[in-house]
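Protein sequence lines correspond, in order, to chains X and D. Just so we're on the same page, the numbering used here is the position in the first sequence counted from 1, plus 45. Just so we're on the same page, the numbering used here is the position in the second sequence counted from 1, plus 45. Beta carbons are placed, not taken as given, at the ideal position from N, Cα and C, and that holds for glycine. One structure below.
Protein chains: 2
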Amino acid sequence: MAQAQPKPSPLNELCSALPSLPMRLQEVGRFVAANDYDATTRSMRELASVAGADPASFTRLAKALGYSGWDELRAALTEARRPAQGSPFSGRAKSRRGGPNADVKLVHDKLEAEAAGLARISANAIADAARALHTANRIWITGFRSCRSVAELLTYQLRLFRPDAAQLVGGSGPFDLDHGAFRADDAVVVIGFAPYTLVSVETARAAHQARATLIAIADTISAPMAEGADHLLLFEAASSPGFFPSLTGAIAVAQSLAAVAFTLGGAGAKRKLEETEGRLAEMSQYFVEKG
Amino acid sequence: MAQAQPKPSPLNELCSALPSLPMRLQEVGRFVAANDYDATTRSMRELASVAGADPASFTRLAKALGYSGWDELRAALTEARRPAQGSPFSGRAKSRRGGPNADVKLVHDKLEAEAAGLARISANAIADAARALHTANRIWITGFRSCRSVAELLTYQLRLFRPDAAQLVGGSGPFDLDHGAFRADDAVVVIGFAPYTLVSVETARAAHQARATLIAIADTISAPMAEGADHLLLFEAASSPGFFPSLTGAIAVAQSLAAVAFTLGGAGAKRKLEETEGRLAEMSQYFVEKG
DNA sequence: TGGGCCATGAAACATATGTTGCACATCCAT
DNA sequence: ATGGATGTGCAACATATGTTTCATGGCCCA
Chain X
46 MAQAQPKPSP LNELCSALPS LPMRLQEVGR FVAANDYDAT TRSMRELASV
96 AGADPASFTR LAKALGYSGW DELRAALTEA RRPAQGSPFS GRAKSRRGGP
146 NADVKLVHDK LEAEAAGLAR ISANAIADAA RALHTANRIW ITGFRSCRSV
196 AELLTYQLRL FRPDAAQLVG GSGPFDLDHG AFRADDAVVV IGFAPYTLVS
246 VETARAAHQA RATLIAIADT ISAPMAEGAD HLLLFEAASS PGFFPSLTGA
296 IAVAQSLAAV AFTLGGAGAK RKLEETEGRL AEMSQYFVEK G
Chain D
46 MAQAQPKPSP LNELCSALPS LPMRLQEVGR FVAANDYDAT TRSMRELASV
96 AGADPASFTR LAKALGYSGW DELRAALTEA RRPAQGSPFS GRAKSRRGGP
146 NADVKLVHDK LEAEAAGLAR ISANAIADAA RALHTANRIW ITGFRSCRSV
196 AELLTYQLRL FRPDAAQLVG GSGPFDLDHG AFRADDAVVV IGFAPYTLVS
246 VETARAAHQA RATLIAIADT ISAPMAEGAD HLLLFEAASS PGFFPSLTGA
296 IAVAQSLAAV AFTLGGAGAK RKLEETEGRL AEMSQYFVEK G
């Protein structure tokens with residue numbers, strides 16, 4: 046870290062040194078470059094056997110590249126592969142003093158990053174969770190701070206076709222919680238990201254204790270409300286440059302959840318939806334173009 | 046537990062098993078979940094020393110999860126982490142042809158469409174609108190039905206650094222409106238899509254009459270609240286397959302708006318934000334990892 | 001051809017690794 | 001209080017790991 050160097054990737058220096066290496070070392074070197082993930086995880090002997098080479102070659106390769114041994118080379122590869130934590134835009138953090146268009150650029154980057162984040166959401170996990178929602182007797186939904194908007198949206202959409210089932214926890218204030226009402230055949234959805242609100246964690250635990258199906262929508266696998274969750278739906282809160290965590294992913298997850306749950310509901314859900322929509326329209330809350 | 050699934054992520058089953066584990070194993074398990082990359086690369090003893098735990102705990106954790114030992118758990122984690130070969134989307138679209146996985150496909154398509162929708166949002170328009178927000182004396186925000194969640198999120202984020210300026214219209218109920226309070230140096234944000242709620246249109250008109258700066262976030266140029274709007278921010282509500290309009294775009298717009306407004310606020314906004322965050326933390330509403 | 005040089009594979013080595021047995025602490029039911 | 005069961009740290013264990021050494025075989029130059 047103390048180096049002023051712009052951090053040369055071990056893989057790059059491997060490739061550039063390749064031609065000047067003995068035949069066997071070249072083979073091994075190419076193998077490492079092509080399978081660098083396995084190089085960091087499997088053992089030297091394993092690699093040797095699938096590469097059809099001698100274990101010693103790996104040690105020799107490392108030394109030929111200036112490392113003290115294979116261990117050190119592998120450590121370098123491992124660090125190079127380490128997922129960017131914290132600042133995904135560290136590389137792109139250019140001097141934003143560019144001009145009057147800096148704001149436009151910020152928005153642009155942000156949207157781009159969020160679109161990429163959506164791609165990383167697991168459709169499988171959502172479908173599974175939706176099935177759990179479908180079979181649940183009642184559905185409780187929790188979220189605080191900015192996640193409250195996500196919780197409210199999910200509640201709203203679910204209530205469109207399951208009006209008596211979906212319920213926002215703490216609907217009449219953050220201290221009016223319904224933990225005691227959780228039953229084993231209920232589903233509880235907890236939405237949150239770091240820093241985690243205490244109440245949301247407590248809600249998750251209460252759900253778990255009540256043996257209700259717990260669905261966690263969070264930014265990390267290690268989120269406290271993910272503990273004991275039957276379904277864990279991840280989204281990227283920090284994916285976008287900016288200062289507040291992003292909720293775009295969480296919203297997308299919530300909407301997909303509602304959509305799948307709706308399709309699972311079949312004709313009954315559709316009927317309920319039309320009924321609800323009709324009631325809303327009846328209250329004449331809609332604007333109609335005159336003429 | 047449905048065992049028919051092809052790949053239950055080891056991390057997920059770890060998280061769900063956590064609560065039923067003994068104390069020390071929970072600590073170790075949490076550590077593994079939080080540092081899964083190191084878990085696959087560093088050795089058991091290394092992990093133990095930085096986690097402040099006994100090496101044996103890792104073996105025991107693995108066995109408690111049903112693995113034959115730490116090596117097998119680590120192998121599972123390693124495989125789960127293996128980089129997807131190919132592009133994130135095309136690569137994963139394997140044999141998703143209809144069948145029982147129709148739900149998965151639905152979610153997949155939905156997310157893809159929404160990601161594409163984000164790309165069509167105008168960064169320029171958002172930056173302009175943010176400047177208007179910045180110069181406004183007070184900021185009123187409106188949205189009903191599912192758009193209420195967007196309105197609440199925007200309000201929440203703006204209040205983080207402009208607590209006295211941002212205000213949700215009808216905060217104490219949909220009929221407690223503040224139309225009379227609009228002033229010429231205020232900004233009014235109206236969020237909505239078809240079918241348009243009557244109140245939101247009335248709010249837009251009231252804002253216009255008060256000569257306040259009107260910012261409309263809507264799905265169409267012809268949206269009634271867009272009439273007379275100083276800034277019109279479009280998002281795609283119907284872009285995604287499914288049955289409910291999508292709010293992902295609206296959320297992205299709202300967040301970007303808040304982000305740019307924050308940067309425009311400069312040091313003062315930053316100070317206010319820290320102040321607010323501090324007050325929130327002081328109320329000890331956050332969950333802190335013990336250890 | 002002969003002699004030095006280097007690349008290469010196999011086996012021996014020291015060591016770090018994952019595991020397991022044991023002793024002690026802790027908790028719960030009797 | 002007592003006895004049993006369970007969780008936890010420590011240390012010894014068998015072994016897989018990375019490294020080194022040595023013998024072999026090919027190559028180039030005198």
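For residue i, is the classification buried or exposed, using 16 other Cβ atoms within 10 angstroms of its Cβ as the cut-off for buried?
i	result
A312/D	exposed
S65/D	exposed
I296/D	buried
I166/D	buried
R316/X	exposed
S61/D	buried
A47/D	Summary for A47/D: the model assigns pLDDT 40, below 50, so the residue's position carries little reliability, and this model does not support an answer.
N57/D	buried
R341/D	This structure cannot settle anything about residue 341/D, because the visible part of chain D is limited to 46 through 336.
R142/D	Residue placement at R142/D is flagged as unreliable, the pLDDT there being 40, under the threshold of 50; the coordinate-derived value follows with that caveat. Burial call: exposed.
D81/X	buried
E272/X	buried
A326/D	exposed
G97/X	exposed
E320/D	exposed
Measuring alpha carbon to alpha carbon, tell me which of the options ends up nearest residue i.
i	options	result
D99/D	L59/D, A326/D, E72/D, Y112/D	E72/D
A125/X	T248/X, V214/X, L198/X, P55/X	P55/X
R119/X	T86/X, V95/X, P128/X, G97/X	T86/X
A164/D	R165/X, I166/X, A164/X, A160/X	A160/X
H179/D	E320/D, L318/D, G310/D	G310/D
S291/X	S291/D, V298/D, P290/D	V298/D
L265/X	A78/D, G74/D, R69/D, M68/D	Contrary to the premise, residue 265/X reads as Thr rather than Leu in this sequence. T265/X has its Cα closest to that of A78/D, out of A78/D, G74/D, R69/D, M68/D.
V95/X	T104/X, D83/X, R105/X	D83/X
P208/X	V244/X, G111/X, R324/X	R324/X
L156/D	E322/X, F280/X, A226/X, A109/X	F280/X
A255/D	E327/D, R105/D, A226/D	A226/D
F238/X	A263/X, R176/X, G97/X	A263/X
L63/X	R90/X, R176/X, H253/X, G111/X	G111/X
P240/X	G215/X, G188/X, P128/X	G188/X
A181/D	R90/D, T321/D, K150/D, D230/D	D230/D
A109/X	E91/X, A93/X, E320/X, P67/X	P67/X
Indicate whether residue i and residue j have their beta-carbon atoms separated by less than 7 Å.
i	j	result
A210/X	R228/X	no
A314/D	Q202/D	no
L213/X	I236/X	no
A36/D	T258/D	In the structure as shown, chain D starts at 46 and stops at 336, and residue 36/D therefore has no counterpart that could be examined.
A282/X	M270/X	no
A107/D	G114/D	yes
F40/X	L59/X	With chain X represented from 46 up to 336, any question about residue 40/X goes unanswered, as that position is not in the structure.
V305/X	D116/D	no
E190/D	T242/D	Note on residue identity: the sequence assigns Arg, not Glu, to residue 190/D. Closer than 7 Å, so yes.
S301/D	V152/X	yes
T35/X	T308/D	With chain X running from 46 to 336 in the structure shown, residue 35/X is simply not present.
H224/D	A251/D	yes
S102/X	R69/X	yes
F289/D	V246/X	no
Just by C-beta distance, which residues in the region 269-303 of chain X are closer than 7 Å to chain D? P269, A271, E272, G273, A274, D275, L277, G287, F288, F289, S291, L292, T293, I296, A297, Q300, S301, A303
Using a Cβ-Cβ cut-off of less than 7 Å, give me the residues of the region 65-99 of chain D that come near chain X, in sequence order. Residues of the region 65-99 of chain D with a C-beta less than 7 Å from any C-beta of chain X: R75, A78, A79, Y82, T85, T86, listed in chain order.
Short-range partners of chain X found in the region 153-170 of chain D, where Cβ spacing is below 8 Å: Residues passing the 8 Å Cβ filter: H153, K155, L156, E157, E159, A160, A161, L163, A164, I166, A168, N169.
When you compare the region 169-188 of chain D with the region 270-285 of chain D, are there three or more beta-carbon pairs, one atom per stretch, that lie closer than 8 Å? yes
For the structure I just gave you, are there three or more beta carbon pairs, one from the region 190-209 of chain X and one from the region 185-200 of chain D, closer than 8 Å? yes
What residues in the region 111-129 of chain X bring their beta carbon closer than 7 Å to a beta carbon of chain D? T123, R127, P128
Would you list, in chain order, the members of the region 193-213 of chain D that have their beta-carbon closer than 8 Å to a beta-carbon of chain X? R193, S194, V195, E197, L198, Y201, Q202, L205
If contact means a Cβ-Cβ distance below 7 Å, which residues of the region 246-258 of chain X contact chain D? Among the residues of the region 246-258 of chain X, those with a Cβ less than 7 Å away from any Cβ of chain D are V246, H253, in the order of the chain.
Which residues of the region 224-235 of chain D have a Cβ closer than 8 Å to any Cβ of chain X? Give them in chain order. Contact residues of the region 224-235 of chain D toward chain X are absent (C-beta to C-beta distance below 8 Å).
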